[in-house]
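S.K.:
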Amino acid sequence: MDALAVEGVRVLLGGATVLDDVSVTARAGEVLGVVGANGSGKTTLLRAGLGLVRLDAGEVRLAGRPVAGLGEVPRSRLAAYLPQARRISWNLPAWHVAALGAPELAQAHARERATAALDDVGMAALAERGVLDMSGGERARVLLARLIVTGAPLLVADEPAAGLDPDGQFQVMEVLTGRAARGAAVVVSLHDLTLAARACDRIAVLAAGRLVALGAPAQVLTAAVLEQAFMLEGRLTPTPFGPVIVARRHR
Amino acid sequence: MSRDQFETDDEMRLIAGLALGLCLACALAVVVGETPLSVAQYAQALTDPASPPSQILWMIRAPRVGAAALVGASLGLAGAVMQGLLRNPLADPGVLGVSAMSALGAAVVIAVGLAAAPWAVEGAALGGALLAGALLTVLAARLPEPQSLILFGVALSALGGAATALVFNLSPSPVTTAEVLSWLLGSVANRDWTDVAVGLVPAAFGAALSLWSAGALRMLTLGEETAALSGLPISRLRAAAVAGAALLTGGAVAVAGVIGFVGLAAPHLARGWVSDDPARALAPSAIVGAMLLVLADLAARTIPSAEELKLGVVTALFGAPLFAMVVWRAARSWRS
Numbered sequence: 021m022d023a024l025a026v027e028g029v030r031v032l033l034g035g036a037t038v039l040d041d042v043s044v045t046a047r048a049g050e051v052l053g054v055v056g057a058n059g060s061g062k063t064t065l066l067r068a069g070l071g072l073v074r075l076d077a078g079e080v081r082l083a084g085r086p087v088a089g090l091g092e093v094p095r096s097r098l099a100a101y102l103p104q105a106r107r108i109s110w111n112l113p114a115w116h117v118a119a120l121g122a123p124e125l126a127q128a129h130a131r132e133r134a135t136a137a138l139d140d141v142g143m144a145a146l147a148e149r150g151v152l153d154m155s156g157g158e159r160a161r162v163l164l165a166r167l168i169v170t171g172a173p174l175l176v177a178d179e180p181a182a183g184l185d186p187d188g189q190f191q192v193m194e195v196l197t198g199r200a201a202r203g204a205a206v207v208v209s210l211h212d213l214t215l216a217a218r219a220c221d222r223i224a225v226l227a228a229g230r231l232v233a234l235g236a237p238a239q240v241l242t243a244a245v246l247e248q249a250f251m252l253e254g255r256l257t258p259t260p261f262g263p264v265i266v267a268r269r270h271r
Numbered sequence: 620m621s622r623d624q625f626e627t628d629d630e631m632r633l634i635a636g637l638a639l640g641l642c643l644a645c646a647l648a649v650v651v652g653e654t655p656l657s658v659a660q661y662a663q664a665l666t667d668p669a670s671p672p673s674q675i676l677w678m679i680r681a682p683r684v685g686a687a688a689l690v691g692a693s694l695g696l697a698g699a700v701m702q703g704l705l706r707n708p709l710a711d712p713g714v715l716g717v718s719a720m721s722a723l724g725a726a727v728v729i730a731v732g733l734a735a736a737p738w739a740v741e742g743a744a745l746g747g748a749l750l751a752g753a754l755l756t757v758l759a760a761r762l763p764e765p766q767s768l769i770l771f772g773v774a775l776s777a778l779g780g781a782a783t784a785l786v787f788n789l790s791p792s793p794v795t796t797a798e799v800l801s802w803l804l805g806s807v808a809n810r811d812w813t814d815v816a817v818g819l820v821p822a823a824f825g826a827a828l829s830l831w832s833a834g835a836l837r838m839l840t841l842g843e844e845t846a847a848l849s850g851l852p853i854s855r856l857r858a859a860a861v862a863g864a865a866l867l868t869g870g871a872v873a874v875a876g877v878i879g880f881v882g883l884a885a886p887h888l889a890r891g892w893v894s895d896d897p898a899r900a901l902a903p904s905a906i907v908g909a910m911l912l913v914l915a916d917l918a919a920r921t922i923p924s925a926e927e928l929k930l931g932v933v934t935a936l937f938g939a940p941l942f943a944m945v946v947w948r949a950a951r952s953w954r955s
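If you read the sequences in order, they're chains A and B. Heads up, the first sequence is in my numbering, so the first residue is 21 and it goes up one at a time. Heads up, the second sequence is in my numbering, so the first residue is 620 and it goes up one at a time.
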């Protein structure tokens, strides 16, 4: 059964159609990338998949159960979310933030899980530091650690690599693919198409709220799709370090 | 309730230390007063319950100190809940308009001449607070974003304030106006044990709801959407936090009128000791609030003046500079 099934979803926000007849699924063990230009509907698709947006048409199911009928607690057993905004209101130590992924755990166990997750994202040395005393990239990693701590079967991350240094971007994707290898379904929106091509098993391409391509990176990131979705002239090129998107603005 | 996820032994020591401090402040406030007593009279107060010194200590000063502690704890806890819920260090029990609606309830009862009726003013104050609390709880369920709650609270505050001004405007006698004004400035003078016992009821319910919502306050640090998928029943806990803060504030206003600043300042003092955690700041905020108000009331009744100083005036006069210092130190962490 699919961890996430989005079927024929349409979302109107402020009178504008933000998603139009989008259908996509995410299975256990795979990383599904969601790419598209700014305003193409990536974040709305992720939020719709979690039941955080009112649908104007279509249906979303988490592990086969309609998300509309799920209570907050049962829903959180099926999915966890890392939003794009990385605002944290109070200066909690990093390990507290990570441990918030598992509020039901006892102290010792939560700390253990949080420390392990911080280690995964390369933040073990800063476990005791207040998150507001950190750089934006460090805070992003701490929040990713919280997502990992949830242990949810579906992990949804909205641009988890944005604003990170190159090594950090690879590391974030390694952590997420690692979760998929252990059986989680991972849905991640990305702007870096090269990163998407390397880390994702399948990619969904959105343009103006419509799904224009869905499949393995090599099948999806074609010249035609790059032009349609991103106004780019380019292609996916193999290199010794992995595939790279080579492109220029469409003239 | 199981042991909090992030609680440490240091914090148990912190709470024990603060509780000890509160006991000392209460003892000082019972011992010191307008009427000077000799050592022999203090001894008599402890041994002979019928003696005048005993009456002064246990039937006049002690209930007054108890009322101050109850009101201070309620306001400190309500402030900590509001700051956690709204994720805003400027929030206090007044920000959602609960105090203003509570004051309006009391003002109306005083203006229509029912002030002498037993419990009428207190009941009206609590009623006003509960009305505001009910409106806010409904709103919080529908519009979870903190700014919508704050804006609604501003509107409710303005409405309560304007309606109270209208009561002044239309009130038949200057005596009534003075009475309402005096009540609005806040005081725990002449409170007896019955006042304290009655005030304990809303405070206990409010405190229970607040402590129940503690985990949600902490989770909301990461924003509404993260919290919505966090495994906690966030909508229910958010409603509990709003209702709890309203009960605490309404109960405090019913016992002592409107007293500013304690609800704003106490959580700031407490937060530094608990690594900024809005959940673990609750209990220390309540104790610090109680301590602040007991000491402020002691100052109000012992500072020599023609007429006894109003408690709300003292809290603001002493609280404002202290608060400015605390904010100065804390502001560093808000910059990012």
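Beta carbons: idealized from backbone N, C-alpha and C, even for Gly. These figures come from a predicted structure and were not determined experimentally.
#1: For Ala648 (chain B), tell me which candidate among B:Arg632, B:Ile675 and B:Asp667 has the shortest Cα-Cα distance.
#2: Just mark Pro668 (chain B) as buried or exposed, buried being the case when its beta carbon has 16 or more other beta carbons within 10 Å.
#3: May I have the straight-line CA-CA distance separating Ser955 (chain B) from Arg890 (chain B), to the nearest angstrom?
#4: Do you know how far the Cα of Leu709 (chain B) is from the Cα of Ala873 (chain B)?
#5: Nearest chain B C-beta to Ala105 (chain A) closer than 8 Å, yes or no?
#6: When burial is assigned at 16 or more other CB atoms within 10 Å of the CB, is Pro923 (chain B) buried or exposed?
#7: I'd like to confirm the pairing. Which residues does DSSP put opposite Glu27 (chain A) in its beta bridges?
#8: Can you list, in chain order, the stretches of the alpha helix (DSSP H) that have 4 or more residues and sit fully within the stretch 199–257 of chain A?
#9: Measure the Cβ-Cβ separation of Arg706 (chain B) and Thr921 (chain B) and say whether it is below 8 Å.
#10: I want to see whether chain A comes within less than 8 Å of Met620 (chain B), judged by CB atoms only; does it?
#11: Contact check, Leu138 (chain A) vs Trp110 (chain A) under 8 Å by CB: the rounded distance?
#12: Tell me the residue span of the alpha helix (DSSP H) that contains Ile878 (chain B).
#13: Given a cut-off of 8 Å on the beta-carbon distance, is the pair Val877 (chain B) and Gly908 (chain B) in contact?
#14: Val195 (chain A) to Arg218 (chain A), Cα distance in whole Å?
#15: Spell out the partners DSSP gives Pro940 (chain B) in its beta bridges.
#16: Spell out whether any CB of chain A is found under 8 Å from the CB atom of Glu764 (chain B).
#17: Starting from Gly150 (chain A), follow its DSSP beta bridges and name the residues at the other end.
#18: Taking a Cβ distance cut-off of 8 Å, strictly less, list which residues of the stretch 836–848 of chain B are near chain A, in chain order.
#19: List the residues that DSSP assigns as beta-bridge partners of Ile729 (chain B).
#20: Which bits of chain A does Ser790 (chain B) rub up against, with CB to CB less than 8 Å?
#21: With DSSP run on the structure shown, which of helix, strand or coil describes Ala100 (chain A)?
#22: With the cut-off set at 8 Å, would you say Gly229 (chain A) and Asp40 (chain A) are in Cβ contact?
#23: Which of helix, strand or coil does DSSP assign to Ser801 (chain B)?
#24: Mind checking who Leu830 (chain B) pairs with in its DSSP beta bridge?
#25: Where does Ala760 (chain B) land, buried or exposed, given buried means 16+ other C-beta within 10 angstroms?
#26: Using a threshold of 8 Å, state whether the C-beta atoms of Val225 (chain A) and Val207 (chain A) are closer than that.
#27: Name the DSSP beta bridge partners of Gly850 (chain B), please?
#28: Closer than 7 Å, Cβ to Cβ, to anything on chain A: give me those residues from the stretch 847–861 of chain B, in chain order.
#29: The alpha helix (DSSP H) with Ser693 (chain B) in it runs from where to where?
#30: Report all residues from its chain with a CB closer than 6 Å to the CB of Leu694 (chain B); omit the five preceding and five following residues, and keep chain order.
#31: Hey, is the stretch 716–726 of chain B in contact with the stretch 770–777 of chain B, meaning 3+ C-beta pairs nearer than 8 Å?
#32: Just the Cα atoms here: how many angstroms apart are Leu24 (chain A) and Gly84 (chain A)?
#33: Below 8 Å, can you find three or more Cβ-Cβ pairs linking the stretch 670–685 of chain B to the stretch 851–867 of chain B?
#34: List, in order along the chain, the chain B residues whose C-beta lies closer than 8 Å to that of Glu124 (chain A)?
#35: Check the Cβ-Cβ distances between Arg761 (chain B) and every residue of chain D, and say whether any is below 8 Å.
#36: Buried or exposed: which applies to Gln189 (chain A), given that a residue is buried once 16 or more other Cβ atoms fall within 10 Å of its Cβ?
M.R.: The structure says:
#1: Answer by Cα proximity: B:Ile675.
#2: exposed
#3: Reliability fails at Ser955 (chain B), whose pLDDT of 47 lies under 50, so the model's placement of it is uncertain and the value that follows must be treated cautiously. The straight-line gap from Cα to Cα measures roughly 18 Å.
#4: 24 Å
#5: yes
#6: With fewer than 16 Cβ atoms within 10 Å of its Cβ, Pro923 (chain B) is classed as exposed.
#7: A:Glu79
#8: 213–219, 237–240 and 243–250
#9: no
#10: Confidence is the limiting factor: at Met620 (chain B) the pLDDT is only 38, short of 50, which leaves the residue's position unreliable and the question unanswerable from this model.
#11: Not really, about 18 Å apart at Cβ, beyond 8 Å.
#12: Neither: Ile878 (chain B) is in no alpha helix (DSSP H) and is coded neither H nor E.
#13: no
#14: CA-CA distance, Val195 (chain A) to Arg218 (chain A), rounds to 13 Å.
#15: Per DSSP, none; premise fails for Pro940 (chain B).
#16: no
#17: For Gly150 (chain A), which the question treats as bridged, DSSP gives the partners A:Pro113.
#18: Arg837, Met838, Leu839, Thr840, Leu841, Gly842, Glu844, Thr845, Ala847 and Leu848
#19: Looking at the DSSP assignment, Ile729 (chain B) forms no beta bridge with any residue, so it has no partner.
#20: Per Cβ cutoff of 8 Å: no residues; Ser790 (chain B) is ~43 Å from chain A at best.
#21: strand
#22: yes
#23: helix
#24: Beta-bridge partners assigned by DSSP to Leu830 (chain B): none are found.
#25: It is exposed - the Cβ of Ala760 (chain B) has fewer than 16 other Cβ atoms within 10 Å.
#26: no
#27: Its beta-bridge partners do not exist; DSSP assigns none.
#28: Ala847, Leu848, Ser849, Gly850, Leu851, Pro852, Ile853 and Ser854
#29: Ala681 to Leu705
#30: Pro712, Ala871, Val881, Gly882 and Gly908
#31: yes
#32: 8 Å
#33: no
#34: By Cβ distance, chain B contributes Gly850.
#35: Going by chain labels, chain D is absent from the structure shown, which instead holds the protein chains A and B.
#36: buried
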